[in-house]
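Just so we're aligned, residue 191 is where the sequence shown starts under the working numbering, counting upward by one.
Here a beta-carbon is modelled for each residue, glycine too, at the ideal position from N, C-alpha and C.
Keep in mind that this is a model prediction, so the values were computed, not measured.
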Amino acid sequence: MTTLLVIAKEPRPGRVKTRLTPPFAPEEAAELAEAALADTLRTVAAAPASRRVLVLDGAPGRWLPPGFDVVPQCAGGLDERLADAFAHCHGPALLIGMDTPQVTPELLTVDFAGCDAYFGPARDGGFWALGLSRPDPALLLGVPMSTPVTGAVQRQRLAAAGLRVRDLPCLRDVDTAADAYAVAALAPHSRFAARLARCATAAGRR
């Protein structure tokens, strides 16, 4: 069975979701990040996995459910941190971030029979999921991160290595306020949607 990895930052004001400010205050942006992370972890907990790992920059909080191993992120760029997360896996692994609280257990239920990799593109040009049947850190090192071509470069890296790639649906990351409202509409019963409604009310009063 697959190891499920979540790479995340501790949701602290000023360190997460800075593109949400404005219209939201830094404390509200952190609350939205915490809700997105909590939804993501709850979904991972409901998906089949041999192991569930939170690769964390920071310290765990009350949002962490039971059943997860917590390991620190290494130093370096995002490509190095993603590569390091895979380096500690033995056997198939699927990695996601904390920016897609609309993700479902069904999307994370992957079967590597007949393929070597899973790739989940994001609407902003990045990717929200990457799965490898045989984790190889070299497949990520040197990929330019946080650019409009990140996803295209990463997928080409997989193809150039001769891997059989299975694509997952394209999802929208929560980066801006417009993203937040669009994602909340896709997951109206999520913690993220509820927290967004409260933050939007508070922002409207200022």
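Could you give the first and the last residue of the continuous alpha helix (DSSP H) run that contains A235?
By 1-based counting over the sequence shown, the position of residue 235 is 45. P216 to A236 is the extent of the alpha helix (DSSP H) around A235.
Check T391 in the structure and name its three-state DSSP category.
One-based indexing of the sequence shown puts residue 391 at position 201. If DSSP states are grouped into helix, strand and coil, T391 belongs with the helices.
When you compare only the Cα positions, how much space is there between V300 and T192?
To locate residue 300, count along the sequence shown from 1; it is residue 110. To locate residue 192, count along the sequence shown from 1; it is residue 2. Between V300 and T192, the C-alpha separation is close to 8 Å.
Inter-residue spacing [alpha-carbon to alpha-carbon] between F398 and P325:
The structure shown does not extend to residue 398, since the chain is modelled only from 191 through 396, so no value can be given for it.
What's the gap between the Cα of P201 and the Cα of L210?
To locate residue 201, count along the sequence shown from 1; it is residue 11. To locate residue 210, count along the sequence shown from 1; it is residue 20. Rounded to the nearest whole angstrom, the CA to CA distance from P201 to L210 is 13 Å.
Minimum C-alpha distance to A384 - residue among A215, D274 and D229
To locate residue 384, count along the sequence shown from 1; it is residue 194. The shortest Cα separation from A384 among A215, D274 and D229 belongs to D229.
Just to confirm, is the Cβ distance from K207 to D247 under 9 Å?
The residue given as residue 207 occupies position 17 in the sequence shown. The residue given as residue 247 occupies position 57 in the sequence shown. Contact: no.
Does D326 come out as helix, strand or coil in the three-state DSSP assignment?
Residue 326 sits at position 136 when you count from the first residue of the sequence shown. DSSP places D326 in coil when its eight states are reduced to three.
If you draw a straight line from the alpha carbon of A350 to that of A235, how long is it in whole angstroms?
Here residue 350 is taken as the residue at index 160 of the sequence shown, counted from 1. Here residue 235 is taken as the residue at index 45 of the sequence shown, counted from 1. C-alpha separation (whole angstroms): 33 Å.
Using a Cβ distance threshold of 8 Å, determine whether the region 344–362 contacts the region 315–331, with at least three qualifying pairs required.
Yes: the two stretches touch, three or more of their Cβ pairs being nearer than 8 Å.
So, helix, strand or coil for T193, using DSSP?
Working through the sequence shown from its first residue, we reach residue 193 at position 3. Note: T193 maps to strand in three-state DSSP.
Same chain, Cβ closer than 6 Å to D397, five either side skipped, listed in chain order:
Lying before the first or after the last residue shown, residue 397 is absent from the chain, which here runs from 191 to 396.
DSSP three-state call for G315: helix, strand or coil?
Taking the sequence shown and counting its residues from 1, the one referred to as residue 315 is at position 125. Reduced to three states, the DSSP call for G315 is coil.
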